[in-house]
Ligand SMILES: [Mg+2]
């Protein structure tokens, strides 16, 4: 007996067609080039000023909260009295953004050529996300940007990789989880969200070079393919290849220089 389904609000969308969820930083552009160093520096300075702590303490708070919660903002709002909107604006506003953005060649063409709907899912703030997308000339290619301000629920700020946040965001955007493909550089986000039944693409081409500790080369996190990663790619141009051919048969690619990205 056929099951009746509620009428879709977007009749042009074919059921089962892919819905791309693109992370922003180190996915759609090379944030580790200039933007991440500038954000990290600005966040640390903000924490020094707001909490009256030494620089090394501020750096530890920033990195610790990012690792624990997915975004430094969540730790700062949970454990300290800071103005979240002021913080987001102060550490993500760059008058010289145009000279700081770097991306792969032909990016707009690559994104436009992908079949299906496209959304941006970023732990960054909305104004920053739109500014970067405008610099990249790809803003019009995305039907919506889900930024950290949109991830909030009634109780608290949320961020990737929060599971209930993603479920809610996908409901709001009328995206069945089975149709979603997350393209993302942060493995922890891919790992958590794979459990929800979405497909995962790990992009490693923008990960920063590995640092050496005590003269020992660090293990390169851009290598291998964890079980929760359906595809590992170095460049977004490989995505189109994967939509033509069988995704399972898509070749694995050479690893990039490594490092951990923040979001
Ligand atoms: Mg990222």
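Numbering (our numbering), first residue to last: 1 to 263.
The beta carbon of each residue, even a glycine, is placed where N, CA and C say it ideally should be.
Taking 7 Å as the cut-off, decide whether the C-beta atoms of residue 198 and residue 169 are in contact.
no
If contact is defined by three or more beta carbon pairs under 8 Å, each pair taking one atom from either stretch, is the segment 18 to 27 in contact with the segment 181 to 198?
yes
For residue 118, the three-state DSSP class (helix, strand or coil)
strand
Assign residue 92 to buried or exposed, taking buried as 16 or more other Cβ atoms, counted over all protein chains shown, within 10 Å of its Cβ.
buried
Residue interval of the beta strand (DSSP E) (run including residue 44)
Careful: residue 44 lies outside any beta strand (DSSP E), inside the alpha helix (DSSP H) at 35 to 51.
Proximity winner among 19, 63 and 82, relative to residue 121 (alpha-carbon distances)
19
Tell me the start and end of each unbroken alpha helix (DSSP H) in the segment 125 to 176 that is at least 4 residues and wholly inside, in chain order.
126 to 135, 148 to 151 and 163 to 172
By Cβ distance, which residues of its chain are closer than 6 Å to residue 59, with the 5 residues on each side in sequence left out?
44
Using a Cβ-based criterion (distance less than 6 Å to any ligand heavy atom), does residue 25 qualify as near ligand 1?
yes
Nearest by alpha-carbon distance to residue 204: which of 177, 178, 192 and 239 is it?
239
For residue 178, which option in 100, 195, 80 and 162 has the closest C-alpha, if you only look at C-alpha atoms?
195
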